[in-house]
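Q: Numbering (the UniProt record's numbering) for the sequence shown: 1 to 386. A virtual CB, placed ideally from N, CA and C, is assigned to each residue, including glycine. None of these values were measured; they are calculated from a predicted model.
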Amino acid sequence: MGEHQPGFGRTDLFGIPDGITYLNAAGVSPIPRPVREAGAAGVERKAAPWELSRASFYDIVEEARVAASSLIGCRPGDIAIVGSASYGIATACRNLPLPAGTAVVTIAEEHPSPVYAWIRAAEAAGAVHHEIPRPADHDWTAAILERIASRDLPRVSVLSLTPLHWNDGAILDLAAIRRAADTVGASLVVDGTQAIGVQPFPLAEIRPDFLVFPTYKWLLGPYGLAFLYVDPERQAGIPLEEHTFSRLGADTITNHYGRELRFMDGARRYDMGERSNFVTLPMGIAGMRLLSSWGAERISAYLRPLAGRLIEGAARLGFSAPPAHRVAAHLVGLRRDGTDAGAIAGRLAERGIHVSARNGAIRVAPHVYNDEADIDRFLDGLAESA
Numbered sequence: 001m002g003e004h005q006p007g008f009g010r011t012d013l014f015g016i017p018d019g020i021t022y023l024n025a026a027g028v029s030p031i032p033r034p035v036r037e038a039g040a041a042g043v044e045r046k047a048a049p050w051e052l053s054r055a056s057f058y059d060i061v062e063e064a065r066v067a068a069s070s071l072i073g074c075r076p077g078d079i080a081i082v083g084s085a086s087y088g089i090a091t092a093c094r095n096l097p098l099p100a101g102t103a104v105v106t107i108a109e110e111h112p113s114p115v116y117a118w119i120r121a122a123e124a125a126g127a128v129h130h131e132i133p134r135p136a137d138h139d140w141t142a143a144i145l146e147r148i149a150s151r152d153l154p155r156v157s158v159l160s161l162t163p164l165h166w167n168d169g170a171i172l173d174l175a176a177i178r179r180a181a182d183t184v185g186a187s188l189v190v191d192g193t194q195a196i197g198v199q200p201f202p203l204a205e206i207r208p209d210f211l212v213f214p215t216y217k218w219l220l221g222p223y224g225l226a227f228l229y230v231d232p233e234r235q236a237g238i239p240l241e242e243h244t245f246s247r248l249g250a251d252t253i254t255n256h257y258g259r260e261l262r263f264m265d266g267a268r269r270y271d272m273g274e275r276s277n278f279v280t281l282p283m284g285i286a287g288m289r290l291l292s293s294w295g296a297e298r299i300s301a302y303l304r305p306l307a308g309r310l311i312e313g314a315a316r317l318g319f320s321a322p323p324a325h326r327v328a329a330h331l332v333g334l335r336r337d338g339t340d341a342g343a344i345a346g347r348l349a350e351r352g353i354h355v356s357a358r359n360g361a362i363r364v365a366p367h368v369y370n371d372e373a374d375i376d377r378f379l380d381g382l383a384e385s386a
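#1: Classify residue 29 as helix, strand or coil using the three-state DSSP reduction.
#2: Suppose contacts are defined by Cβ-Cβ distances below 8 angstroms. Is residue 344 in contact with residue 220 by that definition?
#3: Considering only their Cβ atoms, is the gap separating residue 91 from residue 210 smaller than 8 angstroms?
#4: When you compare only the Cα positions, how much space is there between residue 279 and residue 81?
#5: Just confirm the distance between the C-beta atoms of residue 249 and residue 260, as a whole number of angstroms; I'd bet it's less than 8 angstroms.
#6: Measure the beta-carbon distance from residue 21 to residue 353 and round it to whole angstroms, keeping in mind my assumption that it falls under 8 angstroms.
#7: Output the distance between the C-alpha atoms of residue 322 and residue 168, rounded to the nearest integer angstrom.
#8: Provide the residue span of the beta strand (DSSP E) that contains residue 295, from first to last.
#9: Looking at C-beta atoms only, is the number of pairs between the segment 104-112 and the segment 152-172 that lie closer than 8 angstroms three or more?
#10: For residue 270, tell me which candidate among 79, 34 and 17 has the shortest Cα-Cα distance.
#11: Going by beta-carbon coordinates alone, are residue 198 and residue 218 separated by less than 8 angstroms?
#12: Suppose contacts are defined by Cβ-Cβ distances below 8 angstroms. Is residue 119 in contact with residue 141 by that definition?
#13: Would DSSP call residue 103 helix, strand or coil?
#14: Per DSSP, what kind of secondary structure is residue 367 in: helix, strand or coil?
#15: Given a cut-off of 8 angstroms, decide if residue 49 and residue 62 are closer than it, judged by their beta-carbon atoms.
#16: Is the beta carbon of residue 240 less than 8 angstroms from the beta carbon of residue 94?
#17: Taking the alpha-carbon of residue 203 as reference, which of 129, 244, 230 and 223 has the nearest alpha-carbon?
#18: Alpha carbon to alpha carbon, how far is residue 89 from residue 124? Give it in angstroms, no decimals.
#19: So what's residue 163 in DSSP terms, helix, strand or just coil?
#20: Quick check: what's the CA-CA separation for residue 213 versus residue 189?
#21: If we ignore side chains and look at the alpha-carbon of each, how far apart do residue 17 and residue 314 end up?
#22: Please determine, among 370, 366 and 351, the residue with the shortest C-alpha to C-alpha distance to residue 381.
#23: Taking just the CA atoms, how far does residue 296 sit from residue 196?
#24: Taking residue 67 as the reference, give the member of 245, 290 and 14 with the closest Cα.
#25: What ranges does the alpha helix (DSSP H) occupy inside the segment 122-197, keeping only unbroken runs of at least 4 residues that lie completely in it?
#26: Helix, strand or coil: which one does DSSP assign to residue 213?
#27: If you draw a straight line from the C-alpha of residue 331 to the C-alpha of residue 372, how long is it?
#28: How many whole angstroms separate the CB atoms of residue 191 and residue 114, which I take to be in contact at a CB cut-off of 8 angstroms?
#29: Could you name the residues of the same chain whose beta carbon sits closer than 7 angstroms to that of residue 263, not counting the 5 residues immediately before and after it, in chain order?
#30: So, are the CB atoms of residue 347 and residue 318 less than 8 angstroms apart?
#31: Residues bridged to residue 82 by DSSP?
#32: Going by C-alpha distance, which of 38, 283 and 252 is nearest residue 223?
#33: I'd like to confirm the pairing. Which residues does DSSP put opposite residue 353 in its beta bridges?
#34: Tell me residue 317's beta-bridge partners as DSSP assigns them.
#35: Comparing alpha-carbon positions, which option in 215, 180, 242 and 34 lies nearest residue 149?
#36: Spatial neighbours of residue 117 within its chain, please: CB distance less than 6 angstroms, with the 5 preceding and 5 following residues excluded, ordered by chain position.
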């Protein structure tokens, strides 16, 4: 097993009860004690509005930008505060060129949220939506590169992708895809929901035009909060909402709600309305600071042996997964012909073992609060439930 790290494995940081094996961070994560405490303090702050000042609505927002930027290695000003992954994707749709006759490309069996907006955008623009079929060898990268290079199909103008497939953890080489996209002038939009914070993300190599990541899964934070990285070349676009608080001068006492149309600098123009949430923002900040203190490399190194143990044990039961060199350390989908993944997940839940079923795969998603004993308990339960 990977080298032990403080806060990793079964600790009182998360308060997971004995008898519960929680392997579903890809669905929603438990929140650690510092995040719970930050949320409780936020409720008390909102309960005393007479203690708030104008700065109260801005300081915490900028703290959140700093915390989010530290996860991916960008400037705080490159971060917008949004409410969901779909909000970020919709922002990208509004601000990226999608010429008539070109294609926006996604991958098969992707989560619908980052796909619906592109289907609508393609229809409106006279473009087409192309979905890359699932490759038998799990090599999404090769399939995408082939599509980009094709001269028999419409030119790719937008790629909307993820670092790994949300069903089974099969990884995509986004840096290689970015280089290929450059050769045809295509934009790259990344839904980092299942990766940011727990898997290294080389921003300088991938160079996404837009990258969105919510906090309620791997970032150990609240629901209803997400962050949107915007490449500096895309920071002069049109936001989804036209509100006051991202306008130039709105953070000073001299602002009297006039008609200032200019925006604050950077990605701030893309912030959602009512971004200064006194409960969710402190929770998000606490979770992201915790993740940053551990580091994605250390987390991935801790989880990789657990994934190997899982895949090997499941193989003995007749289940397959993407090969080790093409699967994430923190999310693995198991499949077996003739097996009802949903029914198995239900039976496991009755035993206190929590995973999810996605498109025929039993999705197992450990986080830092899991250890070898959790994997072994899952495998024992799988043997009896399958």
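A: From the atom records:
#1: coil
#2: no
#3: yes
#4: 14 angstroms
#5: At roughly 6 angstroms, the Cβ-Cβ gap stays under 8 angstroms, so residue 249 and residue 260 are in contact.
#6: 5 angstroms
#7: 7 angstroms
#8: Per DSSP, residue 295 belongs to no beta strand (DSSP E) and is neither H nor E.
#9: A contact exists between the segment 104-112 and the segment 152-172.
#10: 79
#11: yes
#12: no
#13: strand
#14: coil
#15: no
#16: yes
#17: 230
#18: Their Cα atoms are separated by approximately 16 angstroms.
#19: coil
#20: 12 angstroms
#21: Approximately 25 angstroms, taken between the alpha carbons.
#22: 351
#23: 8 angstroms
#24: 290
#25: 140-149 and 174-184
#26: strand
#27: 15 angstroms
#28: 5 angstroms
#29: 246, 247, 248 and 269
#30: no
#31: 226
#32: If we check each option's Cα against that of residue 223, 283 comes out closest.
#33: 21
#34: Looking at the DSSP assignment, residue 317 forms no beta bridge with any residue, so it has no partner.
#35: 180
#36: Only 89, 90 and 93 meet the Cβ criterion.
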